[in-house]
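Asks:
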Amino acid sequence: MYLRELSCTECDRTVTATELRRLCPSCGSPLQACYDLEAIREAVTPAEVTGRNGGMWRFREVLPDPGEPITFGEGDTPLLRTPRLGNAIGLGSLWVKDEGVNPTGSFKARGMSAAVSMAKALGATALTAPSAGNAGGALAAYGARAGLPVHIAMPRDVPAANRIEAEICGAHVTLIDGNIKDCGKWVGERAEREGWFDVSTLKEPYRVEGKKTMGYELAMQLDWTLPDVILYPTGGGTGLVGMWKAFAEMRELGWVTAKPPRMIAVQAKDCAPVVEAFHAGAERITAPESPATIASGLRVPTPIGDRWMLRVVRESEGTAIAVTDDELLEGCRRLARDEGIFTAPEAGALVIACEKLVADGTLATDERTVLFLTGTGLKYLECF
Ligand SMILES: *Cc1c(COP(=O)(O)O)cnc(C)c1O
Ligand SMILES: [Zn+2]
Numbered sequence: 002m003y004l005r006e007l008s009c010t011e012c013d014r015t016v017t018a019t020e021l022r023r024l025c026p027s028c029g030s031p032l033q034a035c036y037d038l039e040a041i042r043e044a045v046t047p048a049e050v051t052g053r054n055g056g057m058w059r060f061r062e063v064l065p066d067p068g069e070p071i072t073f074g075e076g077d078t079p080l081l082r083t084p085r086l087g088n089a090i091g092l093g094s095l096w097v098k099d100e101g102v103n104p105t106g107s108f109k110a111r112g113m114s115a116a117v118s119m120a121k122a123l124g125a126t127a128l129t130a131p132s133a134g135n136a137g138g139a140l141a142a143y144g145a146r147a148g149l150p151v152h153i154a155m156p157r158d159v160p161a162a163n164r165i166e167a168e169i170c171g172a173h174v175t176l177i178d179g180n181i182k183d184c185g186k187w188v189g190e191r192a193e194r195e196g197w198f199d200v201s202t203l204k205e206p207y208r209v210e211g212k213k214t215m216g217y218e219l220a221m222q223l224d225w226t227l228p229d230v231i232l233y234p235t236g237g238g239t240g241l242v243g244m245w246k247a248f249a250e251m252r253e254l255g256w257v258t259a260k261p262p263r264m265i266a267v268q269a270k271d272c273a274p275v276v277e278a279f280h281a282g283a284e285r286i287t288a289p290e291s292p293a294t295i296a297s298g299l300r301v302p303t304p305i306g307d308r309w310m311l312r313v314v315r316e317s318e319g320t321a322i323a324v325t326d327d328e329l330l331e332g333c334r335r336l337a338r339d340e341g342i343f344t345a346p347e348a349g350a351l352v353i354a355c356e357k358l359v360a361d362g363t364l365a366t367d368e369r370t371v372l373f374l375t376g377t378g379l380k381y382l383e384c385f
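Per the working numbering, residue 2 is the first one in the sequence shown, and the count goes up by one each step.
What follows is the structure, given as structure tokens:
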């Protein structure tokens, strides 16, 4: 057990990690897990980690320790070269990390495996979260496997697959007339009163730990090197900040020496608060007035991790870019046609974003570029 404590991402506050925790008790910002990296460096080598099985839990030294993890074998997703698409876009070294093959069809599985495992280990007796897409199905599945009741608030227009998946896994689903923010309000009002532990994005510290394993796994698959550029479809931003945390930890562990990649946040035109704040030079986002996109995972008008995300994009010397809904669907079609991968609309956005960034010179044609395909297209059939 190498987890030392939790520290605030915005102020100096630290708290113990031995009980259920949510936001920073001083300032209400997200908390992050801090490990004894020196001890980990002594205890395990990257070669040993590479030789293990166990999906994302192979990285157990840099994860919280729940005893027995609640797992379906998440992680170990393929990193694939996509030369035909790369050629069409003008990139000589284009890769995709296909997170759609995870249990429940998206990378949300990684976050929920960590969060639900720790919630159960620390004594939670029921779980809740708002979800406009894949998080709800993943929470329902991991909750069922943990034997814990789950309460999910979803916008009425959530993709059918996400709602049905949650219900069939036994979750109590409440449909709300509104967006993810309204669902969050519903959850916030009930969680404390009912004694449900709220695992909303970044409102507890361990979903981001699960998602950071995408960064570790990517480095492992590249023989402990890193790509030049990562494009990431950004909603709540957990994957983006999680991977950046992984790169910093790996550098400190001495597991990688490469310069960390430029992180490029991709959003949908009519719900692009991070893109707008980035280009305005702002530290915080301004909520879009009528957030709309068929890419349900990107429909996050008021992400609580906004400062953290913006810091990561800037520190990494990355950028942020938005594409329209028509464009992101076209991105899905092109990836499927060229490479045989049917990805979620959120990730389809990356194809078009990438092409635009090559065209305007932001991406050089020889840069090793990885697109994070966060989910499978099969859960979004009505979009096509
Ligand atoms: C949730 C989700 C996202 C956004 O993820 P964050 O890490 O919260 O920004 C992107 N794509 C898909 C398919 C998702 O389900
Ligand atoms: Zn704080």
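Here a beta-carbon is modelled for each residue, glycine too, at the ideal position from N, C-alpha and C.
Just to confirm my understanding: we take Leu374, look at its own chain, exclude 5 residues before and 5 after, and list those with CB closer than 7 Å. What are they?
Replies: Hits under 7 Å: Val97, Lys98, Asp99, Glu100, Gly101, Ile342, Thr344, Ala348.
Asks: Can you find a heavy atom of ligand 2 that lies under 6 Å from the Cβ of Cys28?
Replies: Result yes, Cβ under 6 Å from ligand 2.
Asks: Would you mind stating whether Tyr3 and Ala116 have Cβ atoms separated by less than 7 Å?
Replies: Contact flag unset, no.
Asks: Measuring only the C-alpha atoms, how far is Thr363 from Ser297?
Replies: One C-alpha to the other measures close to 27 Å.
Asks: Can you give the Cα-Cα distance for Thr10 and Val209, rounded to whole angstroms?
Replies: Cα to Cα, Thr10 sits roughly 12 Å from Val209.
Asks: Below 7 Å between beta carbons: does that hold for Trp187 and His152?
Replies: No; because the gap between Cβ atoms is not below 7 Å, this pair is not in contact.
Asks: How would you label Cys12, buried or exposed, when you count the other beta carbons within 10 angstroms and need 16 or more for buried?
Replies: The residue in question, Cys12, is exposed, as its Cβ has fewer than 16 Cβ neighbours within 10 Å.
Asks: Met264 lies in the beta strand (DSSP E); which residues open and close that run?
Replies: From DSSP, the beta strand (DSSP E) with Met264 extends over 263-269.
Asks: Counting pairs of Cβ atoms below 8 Å between the stretch 31-47 and the stretch 227-235, do you hit three or more?
Replies: Touching, no, given that fewer than three Cβ pairs across the two stretches are closer than 8 Å.
Asks: Should Leu299 and Gly240 be called a contact, given that it needs their Cβ atoms to be closer than 7 Å?
Replies: Not closer than 7 Å, so no.
Asks: To the nearest angstrom, report how far apart Lys204 and Glu190 are at their CA atoms.
Replies: C-alpha separation (whole angstroms): 14 Å.
Asks: Would you say Val267 and Gly91 are within 7 Å of each other, going by their C-beta atoms?
Replies: No. Outside cutoff.
Asks: With C-beta atoms as the reference, is Glu328 less than 7 Å away from Ile295?
Replies: No, they are not a contact pair.
Asks: At the level of alpha carbons, what is the spacing between Pro160 and Ile181?
Replies: Each residue's Cα considered, the two are about 13 Å apart.
Asks: Answer yes if the stretch 72-84 comes into contact with the stretch 105-119, meaning at least three C-beta pairs across the two stretches below 8 Å, and no otherwise.
Replies: In short, these stretches touch, since the Cβ pair count reaches three.
Asks: Should Cys28 be labelled buried (16 or more other beta-carbon atoms within 10 Å of its own) or exposed?
Replies: Label assigned to Cys28: exposed.
Asks: So, are the CB atoms of Met155 and Gly238 less than 7 Å apart?
Replies: Contact flag unset, no.
Asks: If I follow the unbroken beta strand (DSSP E) through Met155, where does it start and stop?
Replies: 151-156 is the span of the beta strand (DSSP E), which, as asked, contains Met155.
Asks: Here's the rule: buried if 16 or more other CB atoms are within 10 angstroms of the residue's CB, otherwise exposed. What is Asp307?
Replies: With 16 or more Cβ atoms within 10 Å of its Cβ, Asp307 is classed as buried.
Asks: Report the partner residues of Phe373 according to the DSSP bridge assignment.
Replies: DSSP lists Lys98 as partners of Phe373.
Asks: Cβ of Asn163 within 7 Å of Cβ of Gly137?
Replies: Cβ atoms of Asn163 and Gly137: closer than 7 Å.
Asks: For Phe248, which residues in the same chain have their Cβ closer than 6 Å to its Cβ, ignoring the five residues on either side in sequence?
Replies: Here the set comprises Gly216, Pro261.
Asks: Apply the 10 Å Cβ neighbour rule to Gly211 and answer buried if 16 or more other Cβ atoms are within range, or exposed otherwise.
Replies: Result: buried.
Asks: Using a threshold of 7 Å, state whether the C-beta atoms of Ala31 and Met119 are closer than that.
Replies: In the sequence under discussion, the amino acid at residue 31 is Pro, which differs from the Ala named in the question. Not in contact: Pro31 and Met119 (Cβ atoms no closer than 7 Å).
Asks: Mapping DSSP to helix, strand and coil, what is Pro234?
Replies: Strand.
Asks: Can you name, in chain order, every residue of its own chain whose Cβ lies under 6 Å from the Cβ of Pro104, other than the five neighbours on each side?
Replies: Cβ within range, chain order: Phe73, Glu75, Ala110.
Asks: Can you name, in chain order, every residue of its own chain whose Cβ lies under 6 Å from the Cβ of Ile305, other than the five neighbours on each side?
Replies: Answer for Ile305: Leu203, listed in chain order.
Asks: According to DSSP, simplified to helix, strand and coil, what is Cys25?
Replies: Of the three classes helix, strand and coil, the one that applies to Cys25 here is coil, per DSSP.
Asks: Answer with yes or no whether the minimum CB distance from Leu128 to chain D is below 7 Å.
Replies: Checking the listed chains, one finds no chain D in this structure; it contains a single protein chain.
Asks: Which one of Arg82, Ser8, Leu86, Ser107 has the shortest CA to CA distance from Arg334?
Replies: If we check each option's Cα against that of Arg334, Leu86 comes out closest.
Asks: Helix, strand or coil: which one does DSSP assign to Ile90?
Replies: Ile90 falls in the helix class under three-state DSSP.
Asks: So, under 8 Å CB-CB, Ala220 and Val257 are touching, yes? Tell me the CB distance rounded to an integer number of Å.
Replies: Rounded, the Cβ-Cβ distance is 5 Å, consistent with contact.
Asks: Kindly provide the ranges of any beta strand (DSSP E) runs that are 3 or more residues long and lie completely inside the stretch 191-238, ordered along the chain.
Replies: Runs found: 230-234.
Asks: Looking only at C-alpha atoms, which of Asn88, Cys170, Arg146 sits nearest to Asp367?
Replies: Among Asn88, Cys170, Arg146, the Cα nearest to that of Asp367 is on Asn88.
Asks: Look up Cys12 in the DSSP assignment and say whether it is helix, strand or coil.
Replies: It is coil, neither helix nor strand.
Asks: Could you compute how far the alpha carbon of Pro289 sits from the alpha carbon of Arg53?
Replies: Pro289 and Arg53: Cα-Cα distance of roughly 45 Å.
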